[in-house]
Amino acid sequence: MSTDTDAETETDVEADAEADVDASTDAEATDIDAPEPDVSVHRTRRLEEKDRRREDRAADERAAAESLAGQETVELKVFRYDPEVEGKEEPRFDTFNVPFHTGMTVLDALIYARDHYDSSLTFRHSCQQAICGSDALFINGSQRLGCKTQLADLDEPIRVEPLPHQEVVKDLVVDMEHFYDQMEAVEPYFDPDDLPEGELEEQRQSRDNREKIKMSTRCIWCGACMSSCNIAAGDNQYLGPAAINKAYRFAMDEREGDDRKQERMEIIEQEHGVWRCQTQFSCTEVCPKDIPLTEHIQELKREAVKSNLKFW
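Below you can see the structure in the form of structure tokens.
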């Protein structure tokens, strides 16, 4: 026998259950009837944001131009190319006027142009001390390091382009993969025939031999020599002056041993090795480290001839 209180409780439970069902039904109806997001609103917002950034960039350019009033400036014509941005797929040149001060380099000017005019301007740089080799460029018709080239030494307008004979990725950045492949092809590492007997014994090298190979060790893998070589431009399989110089550095090291030297000579004697060099000296002229590349290539040719001589 139920009391009035129990009856009221059962009634409340049933009412709550019905309310939950109604709420669930309303929620489902709301989900079904919810309107789709208005794509045009989002598109309008994106366009407004794009316009705002363009206006900000224009304001920055005006401010930079006003700050240059009365200052000595230099004019840069910089190669531009971006295959991933609509309207910028075609190569072109943009002009930048940057403030000049004594000791300023091409790299300094590019950094100023990027920071004050166009943040999308793309180029490689790292140490800014002519050590890393990452900022090799084609400046006023010659391969040079941007961080080493003084603006005061150049005629205006200063024309800055990516290294020739290499695929351009974006603006002044080129694809260096092929260059690195050619360097690796000559096995550029020390590999002696015999190891020292004692654990603490060194691989001894005479002072004369060290002097002989010293200049070849200065290579910073910048790719300037490869870019300047007319043979490399027409023969994609040619090892190139940088790789051959690296082979010279190890082949002429007296610590490596005769067997390993012979193996290395076989690499550079192949069809696209030292014999493709036509002694034009273009690589030597543009090397930022003054390595006598052509001389090293010719010496390897002489070594190749001597190693193939046979006497009966």
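So the sequence shown is numbered by UniProt numbering: it starts at 1 and just counts up by one.
Heads up, the beta-carbon is just placed ideally off N, CA and C, and yes, glycines get one too.
Grouping DSSP H, G and I as helix and E and B as strand, with all else coil, what is residue 73? Numbered from 1 along the sequence shown, position 73 holds the residue referred to as residue 73. Of the three classes helix, strand and coil, the one that applies to residue 73 here is strand, per DSSP.
Helix, strand or coil: how does DSSP classify residue 94 here? For the purposes of this step, residue 94 is taken as residue 94 along the sequence shown, with counting starting at 1. In the structure shown, residue 94 sits in a strand (DSSP, three-state: E or B).
Where residue 193 and residue 130 are concerned, what is the direct C-alpha to C-alpha distance, given to the nearest angstrom? To locate residue 193, count along the sequence shown from 1; it is residue 193. To locate residue 130, count along the sequence shown from 1; it is residue 130. If I take the Cα positions, the gap works out to 35 Å.
Between the alpha carbons of residue 165 and residue 177, how many angstroms are there, rounded? As a first step, residue 165 is located in the sequence shown; it is residue number 165 there, counting from the start. As a first step, residue 177 is located in the sequence shown; it is residue number 177 there, counting from the start. Whole-angstrom Cα-Cα distance: 13 Å.
At least three beta-carbon pairs within less than 8 Å, the region 185 to 202 to the region 250 to 265: When Cβ pairs closer than 8 Å are counted between the two stretches, the region 185 to 202 is seen to touch the region 250 to 265, the count reaching three or more.
Going residue by residue through the region 161 to 211, where are the continuous alpha helix (DSSP H) segments of at least 4 residues, counting only ones entirely within it? 177 to 185
Using alpha carbons as the reference points, say which of 110, 294, 136 lies closest to residue 245. The residue labelled residue 245 in the question sits at position 245 within the sequence shown. That would be 294, whose Cα lies nearest to the Cα of residue 245.
Tell me the DSSP secondary structure of residue 41 in three-state form. Within the sequence shown, numbered from 1, the residue matching residue 41 stands at position 41. DSSP places residue 41 in helix when its eight states are reduced to three.
Which residue from 152, 144, 153 puts its Cα closest to that of residue 162? Within the sequence shown, numbered from 1, the residue matching residue 162 stands at position 162. The residue with the shortest Cα to Cα distance from residue 162 is 144.
Quick one, are the C-beta atoms of residue 395 and residue 78 less than 8 Å apart? An answer regarding residue 395 cannot be provided, because it is not within the stretch 1 to 312 covered by the chain.
Contact set for residue 297: own chain, Cβ-Cβ below 6 Å, skip 5 residues either direction: Here residue 297 refers to the residue found at position 297 when the sequence shown is read from its first residue. Excluding residues within five positions, the ones whose Cβ falls inside 6 Å are 244, 274, 277.
Excluding five sequence neighbours on each side, which residues of the same chain lie with their C-beta closer than 7 Å to the C-beta of residue 104? The residue labelled residue 104 in the question sits at position 104 within the sequence shown. Closer than 7 Å at the Cβ level, and outside the excluded window around residue 104, lie 151.
Where does residue 130 fall in DSSP's three states? One-based indexing of the sequence shown puts residue 130 at position 130. Looking at residue 130 - three-state DSSP - the assignment turns out to be coil, as it is neither helix nor strand.
From residue 146 to residue 172, what distance separates their C-alpha atoms? Numbered from 1 along the sequence shown, position 146 holds the residue referred to as residue 146. Numbered from 1 along the sequence shown, position 172 holds the residue referred to as residue 172. If I take the Cα positions, the gap works out to 11 Å.
Consult DSSP for residue 102 and reduce its assignment to one of helix, strand or coil. The sequence position of residue 102 within the sequence shown is 102, counting from 1. The answer is coil: DSSP assigns residue 102 none of H, G, I, E or B.
Alpha carbon to alpha carbon, what distance is there between residue 98 and residue 109? By one-based count along the sequence shown, residue 109 stands at place 109. By one-based count along the sequence shown, residue 98 stands at place 98. So the two alpha carbons sit approximately 6 Å from each other.
Buried or exposed: residue 262, going by 16 or more other Cβ atoms within 10 Å of its Cβ? Start at 1 with the first residue of the sequence shown, and residue 262 comes out as number 262. Exposed is the call here.
Identify whether residue 250 lies in helix, strand or coil by the three-state DSSP scheme. Numbered from its first residue, the sequence shown carries residue 250 at position 250. Here residue 250 sits in helix by DSSP.
Could you check where the alpha helix (DSSP H) with residue 121 kicks off and where it finishes? Residue numbering aside, residue 121 sits at position 121 when the sequence shown is read from its first letter. Premise fails: residue 121 is in no alpha helix (DSSP H) and is neither H nor E.
Counting only the same chain and skipping the five closest in sequence on each side, list residues whose C-beta sits under 6 Å from that of residue 122. One-based indexing of the sequence shown puts residue 122 at position 122. Sequence-distant partners of residue 122 (beyond 5 residues in either direction) whose C-beta falls short of 6 Å from its own C-beta, in its chain, are 170, 171, 173.
Determine the DSSP secondary structure at residue 139, reduced to helix, strand or coil. Indexing the sequence shown from 1 puts residue 139 at position 139. Residue 139 falls in the strand class under three-state DSSP.
Taking the alpha helix (DSSP H) that residue 216 belongs to, which residues open and close that run? By one-based count along the sequence shown, residue 216 stands at place 216. Element bounds for residue 216: n/a, residue is neither H nor E.
Cβ neighbour criterion (16 or more within 10 Å) applied to residue 223: The count along the sequence shown starts at 1 and reaches residue 223 at position 223. So residue 223 counts as buried.
For residue 185, count neighbouring Cβ atoms within 10 angstroms of its own Cβ and tell me buried if that reaches 16, exposed if not. Taking the first residue of the sequence shown as 1, we reach residue 185 at position 185. Buried, because 16 or more other Cβ atoms sit within 10 Å of the Cβ of residue 185.
Have a look at residue 211 and residue 117 and give me their C-alpha separation to the nearest angstrom. Position 211 of the sequence shown holds residue 211. Position 117 of the sequence shown holds residue 117. Answer to the nearest angstrom: the Cα atoms are 48 Å apart.
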